[in-house]
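Just below is one structure, and these are the notes that go with it.
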Amino acid sequence: MTRCGWATTDPLYIRYHDEEWGVPQHDDRKLFEMLILEGAQAGLSWITILRKREAYRKAFDGFDPKKIVKYDAKKRAALLANEGIVRNRLKIDATIGNARAFLEVQEAEGSFDRFIWSFVDGEPIVKRRRTLKDVPATTAESDAMSKELKKRGFRFVGSTIMYAFMQACGLVDDHVRDCFRARKV
-6 MTRCGWATTD PLYIRYHDEE WGVPQHDDRK LFEMLILEGA QAGLSWITIL
44 RKREAYRKAF DGFDPKKIVK YDAKKRAALL ANEGIVRNRL KIDATIGNAR
94 AFLEVQEAEG SFDRFIWSFV DGEPIVKRRR TLKDVPATTA ESDAMSKELK
144 KRGFRFVGST IMYAFMQACG LVDDHVRDCF RARKV
């Protein structure tokens, strides 16, 4: 079975590629989770974050933004000591701040889903690129998304991170032409 080349042979990567990556996501909690995980990945490999995903879910209360915004200094210290996640103070503080910004977007826009999908006019952008080398790191849409999220107080949301988020959550479908998922998503 032919897959996008980045999926490698790691069973976790394969499962993520085959079942999740590029599938349109509309659940606010899941979108928040992926926003946080993509930001955590900055400077690291995605497989590192996938391997820590369950620990992240546990450490951050199932990515419940209403709980995360209440984290105090004691909880921050516990997160910094948690070996199951990336123990980076800036990323942990960004997660807490992003929870606040996320709730503000939900309040202002009705849902994060509605807001985030507006950058692609509510429909996935489907590109059938020949090779992974043809996939861009950023697009005009990821630039606009990044700019607006930063304006609303989000951190670790640069354009490259936002493009990866868009791919992960199906706002963009970048499965290469030969990939078996290109015909299924």
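Residue numbers (the numbering used here): -6 to 178.
Glycine is no exception: its CB is placed at the ideal position from the N, C-alpha and C atoms.
One alpha carbon belongs to G(-2), the other to C162, and they sit about 19 Å apart. Around the Cβ of P58, a 10 Å sphere holds 16 or more other Cβ atoms; the residue is buried. The beta carbon of L96 lies closer than 8 Å to those of P58, K59 and V62 in the same chain, with the five residues before and after it left out. Closest by C-alpha distance to F25, out of K45, L43, G36 and F53, is F53.
When only Cα atoms are considered, A175 and A70 end up about 43 Å apart.
It is roughly 6 Å from the alpha-carbon of D167 to the alpha-carbon of R121.
Assignment of beta-bridge partners to D166 by DSSP yields V119. The closest CA to that of K68, considering only Q160, R44, I85 and V150, is found on I85.
For R93, the three-state secondary structure derived from DSSP is helix.
The straight-line gap separating the alpha-carbon atoms of A33 and D11 is approximately 22 Å.
A residue is called buried once 16 or more other Cβ atoms fall within 10 Å of its Cβ, and V119, having fewer, is exposed.
Closest by C-alpha distance to L37, out of I154, R170 and K177, is I154.
Here the alpha carbons of R22 and G77 stand approximately 21 Å from one another.
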